[in-house]
Amino acid sequence: MDRYTPMAKFDTKSIINLALLGQGGSGKTSLAEALIYITGGSDRLGKVADGNTVCDYDAEEIKRGFTLSASVVPVEWKNIKINIIDTPGYLDFVGEANQALRVAGSAVITVDAKAGVEVGTELAWNSATAYGVPKVFFVNKCDDNEANFDRVFKELDYKFGRTVCPVFVPVEYGKDVTMLDLVAMKAYKYDSCGKRWEIPMEARFEEVVAQYKEALNEALAGTSDELMEKYFNGEEITKEEAVEALHQGIIDGTITPVYCGSATNVWGVIAMLDAISESFPRFTAKKNEKLDDGTLLPIEVDGDPSVFVFKTVADQFVGKMSFFKCMSGTLKRDAVLKNNRSGVAEKFAHIYTVKGKNQVEVDELACGDIGMVAKLSDTDTNDTLSVDGTRAYLPIKYPKPYYTQAMAPAAKGDEGKISQGIAKLLEEDLTINYENNAETKQMLISGLGDMHLANLVAKLKARFGVSVNLSEPKLAYREKITKKVQVEGKHKKQSGGSGQYGHVKITFSPGEAEGLTFTESVVGGAVPKNYFPAVEKGLQEAMTKGVAGFPVIHLAADLFDGSYHDVDSNEISFKLAANLAYKECLKQAAPVLLEPVGDLTVTIPDDLVGDIMGDLNKRRGSVMGMDTAEMQGYTTINAIAPKAELTEYPIVLRAMTQGRGSFDFEVTGYEVVPGNIAAKIVEDYKKSQEG
1 MDRYTPMAKF DTKSIINLAL LGQGGSGKTS LAEALIYITG GSDRLGKVAD GNTVCDYDAE
61 EIKRGFTLSA SVVPVEWKNI KINIIDTPGY LDFVGEANQA LRVAGSAVIT VDAKAGVEVG
121 TELAWNSATA YGVPKVFFVN KCDDNEANFD RVFKELDYKF GRTVCPVFVP VEYGKDVTML
181 DLVAMKAYKY DSCGKRWEIP MEARFEEVVA QYKEALNEAL AGTSDELMEK YFNGEEITKE
241 EAVEALHQGI IDGTITPVYC GSATNVWGVI AMLDAISESF PRFTAKKNEK LDDGTLLPIE
301 VDGDPSVFVF KTVADQFVGK MSFFKCMSGT LKRDAVLKNN RSGVAEKFAH IYTVKGKNQV
361 EVDELACGDI GMVAKLSDTD TNDTLSVDGT RAYLPIKYPK PYYTQAMAPA AKGDEGKISQ
421 GIAKLLEEDL TINYENNAET KQMLISGLGD MHLANLVAKL KARFGVSVNL SEPKLAYREK
481 ITKKVQVEGK HKKQSGGSGQ YGHVKITFSP GEAEGLTFTE SVVGGAVPKN YFPAVEKGLQ
541 EAMTKGVAGF PVIHLAADLF DGSYHDVDSN EISFKLAANL AYKECLKQAA PVLLEPVGDL
601 TVTIPDDLVG DIMGDLNKRR GSVMGMDTAE MQGYTTINAI APKAELTEYP IVLRAMTQGR
661 GSFDFEVTGY EVVPGNIAAK IVEDYKKSQE G
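Encoded structure:
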C-alpha cells in the first residue's frame, strides 16, 4: 500500500470539507492540483494534460483526460485541514458529485472566464442548493486573452441573484495579470511561474474598486445590524469584520463570494486558500445533522463515534474500501461500530486518510473528518455505523439509470467473470443497475449515459480481465388474440406397438386474466376428465411463444369436444393435440403484438416545453398534462409512452436540453403495436428462426 506523509492531528474546528464542482473542462482538477501544490502536498504541479495529477490517478481518467470519480485529497493551510473532494463535471457521473456534496461543508464552483456561466455551472449550483451546501465561485482561466471577468460576474449576478458578490477580482488579463483583494484592499501581481507579490494600490485601479467594492460592502452589511449601520453611515468595514461577515454570510447563504485566478498558473490560489481557512464553514456550523427519518440530531463533537459511508471503491489490491465521514465523536483505531442496516458489528482495525491513490494509517479521526477503512464485511455506501446501531443518517440521492444496453462476453465462457466483476462495481457505483433477463436471455446493464457504460466496460477489462460487447437490448413484447375461434387439434401416431392418439376441439377467445383461463364443457365423456390437466398444461407451454416468438397473454380456452382411444390415448398425446389446436388458433384469431408502455414524466426548462412535446409526439407518446416543477423556471410534462421509443432517450433529452432536463419512466402495462412496426418485428423473428 502506497504511503504519504501523515498530517498533524486536527480537531473539529480545524477541519473543512470542500467539494469542487462545475462544468466539465472548467478546471476543477487543475484547481485541486494548485491547492495541493501551494500547500506543499506535492512537490510538483500536476497537470491533466500530462496525466500526472494527484486527483485523477485511475488509468481510464488519465486516458480520457477528465475526472470520472470523486477523489479526496487533504491539505493543510494555516493550521487548517482542508479535505478537497474533486468531482467529475460530466452528467454521466453525477452520482460522484452527489457523494461529495453529502459530506462537504461548502462547495467551490469553477467557472471558465472565457465561456462564462454554462449548463454545468447551473447544475452545480442546483445540486449544492439541494444538499444545503454553501457555495463559492472561482472564475478560472483568467490567463486566457479572451477572458472577461466583468461579463462573467454579470452573468453570475443575473443567473444566481444578488447574493453573488465580488471578493477577489482581476484588473488585467492574459499573461500580465494584476488582481485585487477587495477585503484587504491589496493588489497582487503574478508572473508566469505562479509567483505573486504585492504592489501599491494605484490610481488606475480606482475604477475597478468603485465598480465592485460597493456590491461587496452591501453584501457584508446584510449579515448584521452593526455592519448595516456602518454601511449606511458611510463608515469603513474593517478586514476583520469583513472576514467574519463573509464567514457568516456563506453559512447563511446570504453571500456567495466570487474569486478569480488561473489554476494552471497558480494565480489567485493563495487568496482562495486564505478565504477557505478564514471564512469557509466547519462541520459544526450547521449545528445539526439530518437523519433518514427527517429528524435533526445535534452534532455531538464529544459524543460516541458514528460514521456515514459516502463512497465505496472495489480495489483489486486493497479490497473493498469504504470512505466515510466521522459524524460524531472521535473515531479511534480498533473501534467497533454497529451497522444500522445489516446489524453487523464492524471493527475498524485500521483507519486511513487518503490522498488520491495513496493512504496513510492514522490512530484516530476527529468529528467532521473524512477517512477510509478497508474490508468491512457487510457495509455499503449510504450505511451508518454507530455504537448502538440505532441511528441512520440521511442517505445520498442518486438518479435512476435509464440508459440500458445488452452485455455479452467477447469470449465464450466469461459469463461468470462478468457477474463477479459487475457485483463489485455495483457496490462502487449506485447509478448502475444490472439484470440477467430470463425472458430475453440477455445480461442488461443500465447507466446514466453512453460514456458511463463505456467507462464500466473499461473497468471490467482493467480490473477483472473480461472484455464485453454492448448492443441494443431486446424488448419483452407480448402477444394476444383479438377474435373468438373454434379449432381442433388431432395428434395421431402409429409406429408399431402402442400408438399415440389425442383429439381436442377448443374455443379460443380473448381472456380477462393476464394468463390462461382454461375451462371445459365436454359432454358425454368425449375427452376423459383425467386428460383435462394435460390439455391445460399443453396450452400453457405453447403460450410461451406466439407468431412473433413472444409470450401470449389474456387467452381464454374452453375444451368443448374431442375424442380418445382406449389404448393409444395418454397425457402426452393430449398435450400435443392442445399444442396443434393452439397453432391453428394463431392462424385464425388475428393475433396482435403488444409493447410495454408506461408513465413518463419529463422535467425541463419552461422555454423548451414545445420542443420536448414535439419530440414526444414523434416517439408515439401521448401527453396527458403539465405541472409546474418544484424548481423555479421548470415544467414537468406527464405522458404515456412506449418503452421501445425511449432506448436512447437519456442521451437525446440531454442533448435537447443541454443537460438541464431529467425524466422518470415506469412500465405500467402493454398496448397494441402499430401494424407497420409489428409487421417488421414478426418478419425479423421469422428470419431469425430460418437462420
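Throughout the sequence shown, residue numbering follows this note's numbering, covering 1 to 691 in sequence.
Beta carbons: idealized from backbone N, C-alpha and C, even for Gly.
So the beta strand (DSSP E) Y670 belongs to, where does it begin and stop?
For Y670, the enclosing beta strand (DSSP E) has its first and last residue at S662 to V672.
Answer yes if the segment 276–285 comes into contact with the segment 77–96, meaning at least three C-beta pairs across the two stretches below 8 Å, and no otherwise.
yes
Are the CB atoms of T254 and G696 within a distance shorter than 7 Å?
Outside the shown range of the chain (1 to 691) lies residue 696, about which nothing can therefore be said.
Using a Cβ-Cβ cutoff of less than 7 Å, which residues in the same chain neighbour E666 once the five nearest sequence positions on both sides are dropped?
Counting only Cβ-Cβ distances below 7 Å, and skipping sequence neighbours, we find G598 and D599.
Find the nearest neighbour of A719 within the set A245, P591 and K375, judged by alpha-carbon distance.
In the structure displayed, the chain extends from 1 to 691; residue 719 sits before or after that span and is not available.
According to the neighbour-count rule (16 or more other Cβ atoms, all chains shown, within 10 Å of its Cβ), is E61 buried or exposed?
Looking at its Cβ environment, which holds 16 or more other Cβ atoms inside 10 Å, E61 is buried.
As a quick exercise: from D429, L425 and W197, pick the residue whose alpha carbon is nearest that of F310.
The candidate whose alpha carbon is nearest that of F310 is D429.
With DSSP collapsed to three states, give me the class of K484.
The answer is coil: DSSP assigns K484 none of H, G, I, E or B.
Taking its Cβ as the centre, do 16 or more other Cβ atoms sit within 10 Å of K135, making it buried, or is it exposed?
buried
Given a threshold of 16 other Cβ atoms within 10 Å of its Cβ, counted over all protein chains shown, does I36 qualify as buried or as exposed?
buried
Span of the alpha helix (DSSP H) holding H503?
Premise fails: H503 lies in the beta strand (DSSP E), Q500 to P510, not in any alpha helix (DSSP H).
Taking the alpha-carbon positions, what's the T284 to L616 distance?
48 Å
Quick one: give me the first and last residue of the alpha helix (DSSP H) that C142 is part of.
From DSSP, C142 is part of no alpha helix (DSSP H); its letter is neither H nor E.
Relative to the C-alpha of I640, which candidate in G515, P650 and S622 has its C-alpha closest?
S622
Is D378 closer than 7 Å to V344 when the C-beta atoms are compared?
yes
Can you tell me the Cα-Cα spacing of I38 and V139, whole angstroms?
18 Å
Can you list, in chain order, the residues of its chain whose CB lies under 6 Å from that of G675, leaving out five sequence neighbours each side?
Result list for G675: empty, nothing under 6 Å.
Take G116 and list the residues in its own chain whose beta-carbon comes closer than 7 Å to its own, dropping the five residues that flank it on each side.
R151, V152 and E155
In terms of residues, what are the limits of the beta strand (DSSP E) holding E76?
That run of the beta strand (DSSP E) goes S71 to W77.
Taking its Cβ as the centre, do 16 or more other Cβ atoms sit within 10 Å of L18, making it buried, or is it exposed?
buried
Between which two residues does the beta strand (DSSP E) holding G598 run?
V592 to P605
Nearest by alpha-carbon distance to K159: which of A644, G669, Q632 and Y649 is it?
Q632
Per DSSP, what kind of secondary structure is K213 in: helix, strand or coil?
Correct three-state label for K213: helix.
Sort out for me which residues DSSP pairs F324 with in a bridge.
V309 and G371
Mind checking whether L21 and A187 have CB atoms under 7 Å apart?
no
In three-state DSSP terms, what is I651?
Under the three-state reduction of DSSP output, I651 falls in the helix class.
Here's the rule: buried if 16 or more other CB atoms are within 10 angstroms of the residue's CB, otherwise exposed. What is A513?
Answer is exposed; the Cβ neighbour count stays below 16.
Within 7 Å (strictly less), CB to CB, does D363 reach chain D?
As a matter of chain content, chain D is missing from the structure shown, which is built from one protein chain.
In whole angstroms, what is the alpha-carbon distance linking K338 and D388?
6 Å
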